[in-house]
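Sequences listed follow chains A and B, in order. The first sequence begins at 70 in the working numbering and counts up one residue at a time. The second sequence begins at 70 in the working numbering and counts up one residue at a time. So the structure is just underneath, and the comments pick up after that.
Number of protein chains: 2
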Amino acid sequence: MAEIGPNTRLRVSPFYEATLSEGVTAFSPYNSMLMPVSYGNPSAEYDRLINGVSLWDVGVERQVELNGPDAARLAQVLCARDISTCSVNQGKYVPMCDHRGVLINDPIVLKISDDCYWLSIADNNVMLWARAIAQERNLRVDIHEPDVSPLAVQGPKAEDVLVSMFGEQIRDIKFFWFIDAEIDGIPLKIARSGYSKQGGFELYLMDGSRGTDLWNKVREAGAPWNIGPGNPNPAERIESGLLSYGGDTDDQSNPFEVRLDNYVDIDLDNDVVGIQALRAVKERGPVRHQLGIKIEGHANTPGHHRWYDIYADGESIGSMTNGIWSPRLKQFIGFALVERRYKAGDTVTVNKEGISVSGTLCELPFI
Amino acid sequence: MAEIGPNTRLRVSPFYEATLSEGVTAFSPYNSMLMPVSYGNPSAEYDRLINGVSLWDVGVERQVELNGPDAARLAQVLCARDISTCSVNQGKYVPMCDHRGVLINDPIVLKISDDCYWLSIADNNVMLWARAIAQERNLRVDIHEPDVSPLAVQGPKAEDVLVSMFGEQIRDIKFFWFIDAEIDGIPLKIARSGYSKQGGFELYLMDGSRGTDLWNKVREAGAPWNIGPGNPNPAERIESGLLSYGGDTDDQSNPFEVRLDNYVDIDLDNDVVGIQALRAVKERGPVRHQLGIKIEGHANTPGHHRWYDIYADGESIGSMTNGIWSPRLKQFIGFALVERRYKAGDTVTVNKEGISVSGTLCELPFI
Chain A
70 MAEIGPNTRL
80 RVSPFYEATL
90 SEGVTAFSPY
100 NSMLMPVSYG
110 NPSAEYDRLI
120 NGVSLWDVGV
130 ERQVELNGPD
140 AARLAQVLCA
150 RDISTCSVNQ
160 GKYVPMCDHR
170 GVLINDPIVL
180 KISDDCYWLS
190 IADNNVMLWA
200 RAIAQERNLR
210 VDIHEPDVSP
220 LAVQGPKAED
230 VLVSMFGEQI
240 RDIKFFWFID
250 AEIDGIPLKI
260 ARSGYSKQGG
270 FELYLMDGSR
280 GTDLWNKVRE
290 AGAPWNIGPG
300 NPNPAERIES
310 GLLSYGGDTD
320 DQSNPFEVRL
330 DNYVDIDLDN
340 DVVGIQALRA
350 VKERGPVRHQ
360 LGIKIEGHAN
370 TPGHHRWYDI
380 YADGESIGSM
390 TNGIWSPRLK
400 QFIGFALVER
410 RYKAGDTVTV
420 NKEGISVSGT
430 LCELPFI
Chain B
70 MAEIGPNTRL
80 RVSPFYEATL
90 SEGVTAFSPY
100 NSMLMPVSYG
110 NPSAEYDRLI
120 NGVSLWDVGV
130 ERQVELNGPD
140 AARLAQVLCA
150 RDISTCSVNQ
160 GKYVPMCDHR
170 GVLINDPIVL
180 KISDDCYWLS
190 IADNNVMLWA
200 RAIAQERNLR
210 VDIHEPDVSP
220 LAVQGPKAED
230 VLVSMFGEQI
240 RDIKFFWFID
250 AEIDGIPLKI
260 ARSGYSKQGG
270 FELYLMDGSR
280 GTDLWNKVRE
290 AGAPWNIGPG
300 NPNPAERIES
310 GLLSYGGDTD
320 DQSNPFEVRL
330 DNYVDIDLDN
340 DVVGIQALRA
350 VKERGPVRHQ
360 LGIKIEGHAN
370 TPGHHRWYDI
380 YADGESIGSM
390 TNGIWSPRLK
400 QFIGFALVER
410 RYKAGDTVTV
420 NKEGISVSGT
430 LCELPFI
């Protein structure tokens with residue numbers, strides 16, 4: 070492995086210094102920033118998320134703020150899900166598609182006020198995209214990146230930690246809703262959300278100069294529950310069936326092939342980008358669909374960095390997009406993006422860097 | 070420094086295996102790919118570029134292909150420079166701006182045929198941008214990323230190396246023009262271009278399965294001139310005054326403030342994105358402008374990863390965007406993006422991670 074460090078095209082998050090103090094050992098770029106991806110002890114990091122509480126620098130989940138009289142209109146135009154029913158202080162997970170109906174992001178849309186929305190984005194330049202659409206349509210909306218950086222507190226003990234800091238109001242936050250909060254003068258929004266299925270919260274830090282302060286406060290408050298550093302966990306998220314935009318999708322992927330059917334509202338107005346293409350896909354059905362894959366008798370192997378071909382009946386039928394050893398299933402598992410006629414239960418072969426291994430397709434999630 | 074490796078959101082170039090064999094020691098992400106940025110011997114890498122010949126994996130310079138009856142129209146709409154005079158087999162360096170006239174890329178546009186253009190891009194998702202503009206305007210053009218990855222051969226001996234491989238025709242290639250070529254069945258376009266001022270070429274590999282073959286062939290051909298691995302060199306490019314989009318520009322930078330005046334044609338039609346905003350900037354003059362800065366008596370220090378404030382008359386007047394030790398000037402130099410009333414010759418102070426150092430503004434390039 071080679072080294073990486075920040076440069077003027079690769080920003081750090083407000084939590085960067087804290088993650089260095091915690092002994093971060095590896096980064097991956099995400100939205101032109103450094104995202105911690107290891108602290109050197111994968112099994113402890115996994116256990117903490119499953120059984121305790123884990124603290125993640127996810128400042129790379131940048132916010133694209135839409136602000137102005139046409140902000141609500143633009144937010145809807147950009148999203149293939151009906152967000153007209155979204156309340157202030159509520160978030161919704163939405164597929165964002167291009168004119169072909171191909172996924173270009175899967176943000177959480179947070180409604181800050183009637184004239185202000187945040188798109189909390191996955192790894193792609195949504196600000197560029199939103200500005201193009203807004204300007205081409207002469208919408209009255211300012212689009213910029215506010216000083217907002219999420220810190221995730223994830224795991225079954227996350228709620229107890231936050232209650233100890235912010236009181237019982239934390240327990241009343243509904244899934245994907247958020248409240249305003251403050252601690253020691255640090256302004257926050259706290260949402261019940263996060264890239265795991267273990268429960269937890271995201272603290273949207275609204276003052277980038279206070280990243281280390283916030284990290285240390287959560288660290289101290291979480292000590293009784295043995296909180297420790299972690300990051301979006303590749304094993305847990307695959308076990309839980311969580312999609313990685315850009316990791317499990319390609320330049321042809323529409324929401325229907327990656328299990329986002331329930332988040333697409335095809336009756337939206339035609340000015341929603343991609344909605345006509347999505348109607349056509351829904352009618353004829355997607356070409357591929359995403360299933361799980363369990364690899365037979367495969368030893369514990371590290372994650373891979375390219376899609377592997379999946380074969381059945383002597384021909385390529387799709388790809389294993391990401392795969393990893395599952396500590397809970399004690400098996401190598403992954404996501405399969407395959408032709409729709411192949412189903413859960415079918416036996417396939419994966420060509421994994423020249424080595425053929427057998428696998429079985431299955432429904433998602435794994436756990 | 071922490072580790073980095075490829076993953077499914079961070080692709081490798083066709084030259085990746087070759088760079089591993091050469092002993093690459095550090096990567097930086099660029100267009101969601103790994104770009105080699107060090108082979109562990111900075112002074113040898115610099116000397117090779119200045120005095121000999123250097124081989125760079127710049128596969129991260131992705132091509133955005135515009136193909137179809139409206140390809141020429143779209144190419145012009147996206148570029149603030151008149152490209153109507155561009156011939157087939159010619160390239161032009163162009164500022165690409167958003168509707169505010171703010172730089173979003175500075176690609177080389179290569180005219181492949183009357184109906185086909187490649188945008189050889191810097192670090193930003195131009196494909197997303199181009200698709201938004203094309204679709205919103207109903208242009209008949211297909212936009213995709215072809216299987217094309219540049220390999221740069223840079224330095225005063227680069228021409229001799231390529232002549233030894235492809236013959237005397239290489240000497241006739243004019244600056245930014247390109248020819249079709251082939252070696253051992255490897256399809257290429259060869260352009261006289263590259264991100265240095267030491268002369269050289271970029272070999273656009275058109276078959277991603279042949280990256281190692283091409284690397285090795287150039288390596289063998291270059292042996293008499295002591296060719297070796299390198300990468301876009303931060304010291305040489307700053308000495309030479311070459312702009313780094315995203316490194317020396319921010320979300321407010323227009324072409325006029327970063328010395329690209331000569332590449333903007335303000336008389337272009339109003340349907341060119343940003344042209345009206347650029348006319349307004351030209352009329353009133355940009356708020357900031359880019360100069361060089363020489364730091365007084367400053368020891369050899371490593372590159373920095375954030376912009377440093379520049380002060381004069383007791384107040385902040387702008388930023389040092391990138392800076393580095395110049396082996397030829399034997400001085401620490403950098404780029405200054407400062408208010409326009411400050412000029413070459415003015416003495417300023419730079420706040421470099423809490424330490425104040427004196428500097429003098431100067432014209433660019435340094436050499």
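A virtual CB, placed ideally from N, CA and C, is assigned to each residue, including glycine.
In the DSSP assignment, residue 96 of chain B falls within the unbroken beta strand (DSSP E) covering 95-99. Rounded to whole angstroms, the separation of the alpha carbons of residue 81 of chain B and residue 324 of chain A is 26 Å.
Nearest CB-CB separation between residue 98 of chain A and chain B: below the 9 Å threshold. Here residue 287 of chain B really is in contact with residue 124 of chain B; their C-beta atoms are around 6 Å apart, less than 8 Å. Under the three-state reduction of DSSP, residue 161 of chain B is assigned to strand. At a cut-off of 9 Å between beta carbons, residue 414 of chain A makes no contact with chain B. Along the stretch 177-201 of chain A, the positions whose C-beta sits under 7 Å from a C-beta of chain B are 192, 193, 194, 197, 198, 200, 201, read in chain order. Within chain A, the residues placing a beta-carbon under 9 Å from that of residue 391 of chain B are 76, 77, ordered along the chain. Not a single CB atom of chain B sits nearer than 9 Å to the CB of residue 394 of chain A. Beyond the five residues adjoining it in sequence on each side, residue 244 of chain A comes within less than 7 Å, by CB distance, of 261 in the same chain, given in chain order. Within chain A, the residues whose beta carbon sits less than 8 Å from that of residue 376 of chain B are 77, listed in sequence order. Rounded to the nearest whole angstrom, the CA to CA distance from residue 290 of chain B to residue 273 of chain B is 17 Å.
For residue 137 of chain B, no Cβ of chain A is located within less than 9 Å of the residue's own Cβ. If you draw a straight line from the Cα of residue 173 of chain A to the Cα of residue 328 of chain A, it is about 15 Å long. Secondary structure note for residue 303 of chain B: it is in no beta strand (DSSP E), and the uninterrupted alpha helix (DSSP H) holding it is 303-308.
Residue environment analysis places residue 213 of chain A among the exposed positions, since fewer than 16 neighbouring C-beta atoms fall within 10 angstroms of its C-beta. Note on residue 433 of chain A: 16 or more other CB atoms within 10 angstroms of its CB, so buried under the neighbour-count rule.
Note: residue 244 of chain A is bridge-paired with A:261 in the DSSP secondary-structure output.
Against chain A, a Cβ distance below 7 Å from residue 211 of chain B picks out nothing, because the smallest value is about 11 Å. Secondary structure at residue 344 of chain B: helix, using DSSP grouped into helix, strand and coil.
If you ignore the 5 residues before and after residue 208 of chain A, its C-beta comes within less than 7 Å of the C-beta of 139, 142, 143, all in its own chain and listed in chain order. The residues 253, 255, in chain order, have a CB closer than 8 Å to that of residue 282 of chain A in the same chain once the five nearest residues on each side in sequence are set aside. Within its own chain, the residues whose Cβ lies closer than 6 Å to the Cβ of residue 192 of chain A, once the five positions on either side in sequence are excluded, are 99, 100, 315, listed in chain order.
Annotation for residue 141 of chain B: the continuous alpha helix (DSSP H) segment containing it runs 140-147.
Counting along the chain, residue 280 of chain A sits inside the alpha helix (DSSP H) bounded by residues 280-290. Excluding five sequence positions before and after residue 216 of chain A, the CB atoms of its chain that fall closer than 8 Å to its own CB belong to 275, 276, 277, given in chain order.
Contacts between residue 173 of chain B and chain A, judged by CB atoms closer than 8 Å, involve 197 in chain order. Sequence-ordered contacts of the stretch 87-113 of chain A with chain B read 93, 94, 95, 96, 97, 98 [C-beta pairs closer than 7 Å]. In the displayed model, residue 429 of chain A falls within a strand according to three-state DSSP. With fewer than 16 other Cβ atoms inside 10 Å of its own Cβ, residue 120 of chain B counts as exposed.
Taking C-beta atoms under 8 Å as the contact rule, residue 341 of chain A and residue 145 of chain A qualify, at a distance of about 6 Å. Counting along the chain, residue 234 of chain B sits inside the alpha helix (DSSP H) bounded by residues 227-235. Here DSSP, grouped into helix, strand and coil, assigns residue 120 of chain B to helix. One thing to note: residue 105 of chain A has its Cβ within 9 Å of the Cβ of residue 126 of chain A. Sequence-distant Cβ neighbours of residue 421 of chain A in its own chain, meaning closer than 6 Å and more than five residues away, are 377. Residue environment for residue 403 of chain B: buried (at least 16 other C-beta atoms within 10 angstroms of its C-beta).
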